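Each number in the working numbering corresponds to the 1-based position in the sequence shown with 16 added.
Ideal Cβ positions, reconstructed from N, Cα and C, are used throughout, including at glycine.
Predicted model, so just to flag it, every value in this text is computed and none were measured.
Encoded as structure tokens, the structure appears first; notes follow it.
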Amino acid sequence: MTMKPMLDRTLKIAANVVLYVAAGLFIFPLYWMATGSFKNQTSSLKFPPELFPSSPVLANYRNLIKAGDVFYWLFNSVFVSTVASFLICLICAMAGYALTKRKFAGASAAFGIIVIAMFIPKQITLVPLFSMMRGLGLVNHLSSVILPLLALPFGVFLMKQFSQAVPTELLEAGKIDGCTEIGLFFRIFLPIVKPATGALAIFAFTTVWNDYLWQLIMLSGPHKMTINVGISSLISEYNAQYGLQMAAATIGFIPVFIVFIAFQKHFVKGITLGGVKG
């Protein structure tokens, strides 16, 4: 009788230690980024590195603000990520609704293709996508980094799984009451899958925000760059301005943090419900 409580307590302590270590591993890069933004070039290159800047400076932020390009980068990233996230959630929710509640020929085959698309490395699609964007005249246009992500395979997969839990009887009752197909989708279906939409919104926002390679290929010029491409532009052949990069990265982290806090409740609920369904 005494061994089991001791074993449970030991396992609980061990689990807490593992969680604290994991949390530290995730938090430390953010701490290093934030403190690095207050270091000058000399302090950034010190070895062993300083865990906290001995002489904090605001010159990095001052130089970024003075140049002004960082505001273009930030606006472009927020605009692209917000518009893409909204459209991804809408299109994927529609796809999930159609695949589960509106039976049609080839639905299973279409979903199978979507699942297969989840396992295709994005690098394989870069050349054909670039050819398409160039043919449409969208190179160096913000829409070129939005359009290829709208039919996000994982988003369709996620929304289909949640759509299966929506009672068909509710939709039929709404139809009897005279609700149109659009009304069924927006007034009945979407409120029920709101947790999944919140989880998808965070996933889509961070996916678009971190899509460095495609943005690097499609966008050029200081007024067209996103924050990721802008940070990389601070690295020249003979000089890497680490303090400026850290400051720009810290500024770029703020919108992602705000989005996560805003959708955290829906994200956790969506992932939890998804785990229960699985």
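Buried or exposed, going by whether 16 or more other CB atoms sit within 10 Å of the CB of residue i?
| i | result |
| --- | --- |
| Gln71 | Reading off the sequence, residue 71 comes out as Ser, not Gln. Flag for Ser71 reads exposed. |
| Leu279 | Before going further, note that residue 279 is Phe rather than Leu in the sequence given. Looking at its Cβ environment, which holds 16 or more other Cβ atoms inside 10 Å, Phe279 is buried. |
| Val182 | buried |
| Lys55 | buried |
| Met262 | buried |
| Trp89 | buried |
| Ile277 | exposed |
| Val275 | buried |
| Met134 | exposed |
| Leu187 | buried |
| Met22 | exposed |
| Tyr36 | exposed |
According to DSSP, is residue i helix, strand or coil?
| i | result |
| --- | --- |
| Ala123 | helix |
| Ile107 | helix |
| Lys240 | coil |
| Lys281 | helix |
| Gly199 | helix |
| Met149 | helix |
| Pro144 | helix |
| Gly84 | coil |
| Leu165 | helix |
| Asn92 | helix |
| Arg118 | coil |
| Ile136 | coil |
| Lys293 | Interpretation of Lys293 is limited by its pLDDT of 46, a score under 50 that renders its predicted location unreliable; no figure is taken from the coordinates. |
| Pro72 | coil |
| Leu235 | coil |
| Val155 | coil |
Rounded to the nearest angstrom, how far is the Cβ of residue i from that of residue j, given a contact under 8 Å?
| i | j | result |
| --- | --- | --- |
| Lys176 | Thr116 | 6 Å |
| Leu260 | Asn76 | 5 Å |
| Thr266 | Ala50 | 5 Å |
| Met234 | Asn156 | 7 Å |
| Gly171 | Leu216 | 5 Å |
| Ile129 | Ala167 | Contact flag wrong, Cβ pair sits at about 11 Å. |
| Val209 | Ala109 | 6 Å |
| Asn244 | Gln231 | 6 Å |
| Val7 | Val224 | The chain is shown only over 17 to 294; residue 7 falls outside these bounds and no answer can be derived. |
| Ile247 | Ala264 | 5 Å |
| Thr196 | Val272 | Actually they are not in contact, since the Cβ atoms of Thr196 and Val272 sit about 37 Å apart, beyond 8 Å. |
| Tyr113 | Ser179 | 6 Å |
| Leu152 | Pro164 | Rounded, the Cβ-Cβ distance is 11 Å, inconsistent with contact. |
| Asp227 | Val161 | 7 Å |
In the DSSP output, which residue or residues are listed as bridge partners for residue i?
| i | result |
| --- | --- |
| Ile251 | Ala256 |
Should residue i be listed as close to the ligand MG, given that the test is whether its C-beta is under 7 Å from any heavy atom?
| i | result |
| --- | --- |
| Leu250 | Among the components of this structure there are no ligands whatsoever, and the ligand MG is therefore not found. |
List in chain order: all unbroken alpha helix (DSSP H) runs of 4+ residues lying wholly within the stretch 21–66. 57–60
If we require 3 or more residues per run, which beta strand (DSSP E) segments fall completely within the stretch 167–228? Taken in chain order, the stretch 167–228 contains no complete beta strand (DSSP E) segment of 3 residues or longer.
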